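J.: Attaching a single structure in structure tokens format; questions to follow.
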Amino acid sequence: MQSERTRASVTITSRPLWRIRLSRSLPGYLLCACALAGLLASARFALAPPRASTPAAPASEPDLGETAERAYAVLFARRYLTWNAAEPQRSASALEAFAGDGLEGAAGMQLPPGGEQRVEWAEAVQARQAAPGETVVTVAAQTTAGLLYLAVPVTRAVDGALALAGYPAFVGAPAQGPARVAEHLREVSDPALATVIERALRNYLASAAGELDADLSARARVSLPAAPLTLLSMQRLEWAQQGSAVLATVQAQDRSGVRYTLAYELEVTRAQGRWEISAVETDPDD
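Position in the sequence shown (from 1) plus 2 gives the number in the working numbering.
Laid out in structure tokens, this is it:
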């Protein structure tokens with residue numbers, strides 16, 4: 003039997019020379035790239051090391067709880083200090099919701115045989131924390147018997163409801179003193195700025211919006227007074243402490259002839275060689 007011989011086959015494939023060189027050099031290129039990346043990362047951490055990010059402080063918000071407690075105390079003071087001896091049941095009914103079961107009827111107030119008292123205005127002027135969850139609000143009330151100060155203890159229940167924490171108390175006025183006016187301010191010596199401020203205030207007090215616009219900056223927001231006034235004179239013009247605002251002390255007169263000495267703070271800016279007003283005393287958007 004004749005054996006068959008196996009012949010080996012050889013296949014020749016042609017490849018471009020640049021591809022062969024690239025395949026042989028590619029591992030070296032990758033190694034160099036990794037080393038370079040490591041060097042750059044080390045340099046970056048050395049020059050500017052990472053720092054722990056500090057969370058931004060939350061924006062301050064008004065204490066709406068204290069505002070509610072003040073309003074509650076003012077409402078109580080108005081009803082407590084308003085009475086008419088000829089209608090005792092009416093006064094008791096007005097205080098019934100405040101007294102509840104915890105206090106005597108009419109919050110412990112007993113009316114005289116005759117007379118009456120009315121509240122012309124009332125305003126919370128002071129508040130202090132007497133205990134956790136309890137605020138004592140001092141209310142100033144102008145009554146037909148004179149100016150009275152009433153301390154009202156207010157507490158907040160677990161469900162959020164406001165209630166009296168006890169009986170009120172007549173107290174003295176909060177401490178006060180004479181006016182303290184800033185001294186040693188630098189006077190405005192620029193006549194062009196003084197002219198712009200006087201013209202702007204004259205139009206502002208007169209509620210002349212069209213004329214005032216000529217002295218306002220492009221981004222200015224101004225809210226005009228409800229009762230127009232007439233500017234009589236400029237008494238003092240000084241730079242504020244922060245340097246970008248001017249304090250103007252003026253004399254003005256209302257329609258009934260009453261004269262006032264008023265002080266206004268005006269934010270000023272210089273644009274294209276002329277002075278402009280960017281705000282007058284208040285920010286209507288704030």
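From the three backbone atoms N, C-alpha and C, an ideal C-beta is built for every residue, glycine too.
Note that the structure is a prediction, hence the values are computed from the model and not measured.
1) Using a Cβ-Cβ cutoff of less than 7 Å, which residues in the same chain neighbour R238 once the five nearest sequence positions on both sides are dropped?
2) Quick one: what does DSSP say A281 is sitting in, helix, strand or coil?
3) Which residues in the same chain have their Cβ closer than 8 Å to the Cβ of R120, if we skip the five residues on either side of it in sequence?
4) Roughly how many whole angstroms lie between the Cα atoms of V139 and G117?
5) Do you know offhand how far V156's Cα is from Q91's?
6) How is E63 classed by DSSP in three states: helix, strand or coil?
7) Have a look at W123 and A143 and give me their C-alpha separation to the nearest angstrom.
8) To the nearest angstrom, how far is it from the Cα of D285 to the Cα of A210?
9) Do the CB positions of P170 and Y82 come within less than 8 Å of each other?
10) Where does V173 fall in DSSP's three states?
11) Indicate whether G174 and Y151 have their beta-carbon atoms separated by less than 8 Å.
12) Using three-state DSSP, classify S235 as helix, strand or coil.
13) For the alpha helix (DSSP H) holding T197, just list the boundary residues, first then last.
14) Does the distance from the C-beta atom of Y262 to that of A273 stay below 8 Å?
15) Please list the terminal residues of the continuous beta strand (DSSP E) segment that includes A132.
16) Just the Cα atoms here: how many angstroms apart are A165 and T69?
17) Could you pull out every residue in the same chain whose Cβ sits closer than 6 Å to the Cβ of V76, ignoring the five residues on either side in sequence?
18) How many Å lie between G259 and S246 at the Cα?
19) Could you tell me which residues DSSP pairs with V270 in its beta bridges?
20) Tell me where the alpha helix (DSSP H) around R92 begins and ends.
21) Is the beta carbon of S219 less than 8 Å from the beta carbon of I279?
22) Rounded to the nearest angstrom, what separates Y266 and E283 at their Cα positions?
23) Kindly confirm or deny that the segment 191 to 208 and the segment 107 to 117 touch, where touching means at least three C-beta pairs closer than 8 Å.
24) So who's on the other strand from Q112, going by DSSP bridges?
25) What residues match up with A247 in a beta bridge as DSSP calls it?
26) Compare the C-alpha of G102 against each of T271, L214 and A167 and name the closest.
27) Output the distance between the C-alpha atoms of E200 and Q244, rounded to the nearest integer angstrom.
28) Can you say whether R72 is buried or exposed, counting buried as having 16 or more other CB atoms within 10 angstroms of its CB?
29) What span of residues does the beta strand (DSSP E) with A211 cover, start to end?
T.: Let me spell this out:
1) Position 236 of the sequence shown, counted from the first residue, corresponds to residue 238. In chain order, T251 place their CB closer than 7 Å to the CB of R238, counting only its own chain and leaving out the 5 sequence neighbours on each side.
2) Here residue 281 refers to the residue found at position 279 of the sequence shown. Strand, per DSSP.
3) Mapped onto the sequence shown, residue 120 falls at position 118. Closer than 8 Å at Cβ, skipping near neighbours: T84, T145 and T146.
4) Reading the sequence shown from its first residue, position 137 is the one you call residue 139. Reading the sequence shown from its first residue, position 115 is the one you call residue 117. Distance between the alpha carbons of V139 and G117 is about 28 Å.
5) Mapped onto the sequence shown, residue 156 falls at position 154. Mapped onto the sequence shown, residue 91 falls at position 89. Taking the straight line from one Cα to the other gives about 25 Å.
6) For the purposes of this step, residue 63 is identified with residue 61 of the sequence shown, where counting begins at 1. Confidence is the limiting factor: at E63 the pLDDT is only 41, short of 50, which leaves the residue's position unreliable, though a coordinate-based value still follows. For E63, the three-state secondary structure derived from DSSP is coil.
7) Along the sequence shown, one-based indexing puts residue 123 at 121. Along the sequence shown, one-based indexing puts residue 143 at 141. Take the alpha-carbon of W123 and the one of A143: they are about 6 Å apart.
8) Here residue 285 refers to the residue found at position 283 when the sequence shown is read from its first residue. Here residue 210 refers to the residue found at position 208 when the sequence shown is read from its first residue. Taking the straight line from one Cα to the other gives about 18 Å.
9) Looking up residue 170 in the sequence shown gives position 168. Looking up residue 82 in the sequence shown gives position 80. Result yes, Cβ atoms of P170 and Y82 sit closer than 8 Å.
10) Within the sequence shown, the letter at position 171 stands for residue 173. The DSSP-derived three-state label of V173 is coil.
11) Taking the sequence shown and counting its residues from 1, one reaches residue 174 at position 172. Taking the sequence shown and counting its residues from 1, one reaches residue 151 at position 149. The Cβ atoms of G174 and Y151 lie closer than 8 Å to each other.
12) As a working note, residue 235 is residue 233 in the sequence shown. In the structure shown, S235 sits in a strand (DSSP, three-state: E or B).
13) Residue mapping note: residue 197 aligns to position 195 of the sequence shown, counting from 1. It spans P193 to L207 - the alpha helix (DSSP H) in which T197 sits, taken as one unbroken run.
14) As a first step, residue 262 must be located in the sequence shown, where it is residue number 260. As a first step, residue 273 must be located in the sequence shown, where it is residue number 271. Against a cut-off of 8 Å, the Cβ pair of A273 and Y262 comes out as no contact.
15) On the sequence shown, position 130 is the one that residue 132 refers to. For A132, the enclosing beta strand (DSSP E) covers residues V121 to A133.
16) Indexing the sequence shown from 1 puts residue 165 at position 163. Indexing the sequence shown from 1 puts residue 69 at position 67. Rounded to the nearest angstrom, the gap between the Cα atoms of A165 and T69 is 14 Å.
17) Taking the sequence shown and counting its residues from 1, one reaches residue 76 at position 74. A124, A126 and V141.
18) The sequence position of residue 259 within the sequence shown is 257, counting from 1. The sequence position of residue 246 within the sequence shown is 244, counting from 1. If you draw a straight line from the Cα of G259 to the Cα of S246, it is about 34 Å long.
19) Position 268 of the sequence shown, counted from the start, is the residue given in the question as residue 270. Bridge partners of V270 according to DSSP: I279.
20) The residue you call residue 92 lines up with position 90 of the sequence shown. For R92, the uninterrupted alpha helix (DSSP H) segment begins and ends at P90 to A101.
21) Within the sequence shown, numbered from 1, the residue matching residue 219 stands at position 217. Within the sequence shown, numbered from 1, the residue matching residue 279 stands at position 277. Yes.
22) Translated into positions along the sequence shown, residue 266 becomes position 264. Translated into positions along the sequence shown, residue 283 becomes position 281. Spanning the two alpha carbons is a distance of roughly 6 Å.
23) Cβ pair count under 8 Å is below three, so no.
24) Counting from 1 along the sequence shown, the entry for residue 112 is found at position 110. Residue pairing for Q112: DSSP places it in no beta bridge.
25) The residue you call residue 247 lines up with position 245 of the sequence shown. Per DSSP, the beta bridge partners of A247 are E269.
26) Translated into the one-based positions of the sequence shown, residue 102 becomes position 100. Of all alpha-carbon atoms in T271, L214 and A167, the one lying nearest the alpha-carbon of G102 is that of A167.
27) In the sequence shown, counting from the first residue as 1, residue 200 sits at position 198. In the sequence shown, counting from the first residue as 1, residue 244 sits at position 242. One C-alpha to the other measures close to 21 Å.
28) The sequence position of residue 72 within the sequence shown is 70, counting from 1. R72 should be labelled buried.
29) If you number the sequence shown from 1, residue 211 lands on position 209. Segment A211 to L214 is the alpha helix (DSSP H) holding A211; no beta strand (DSSP E) there.
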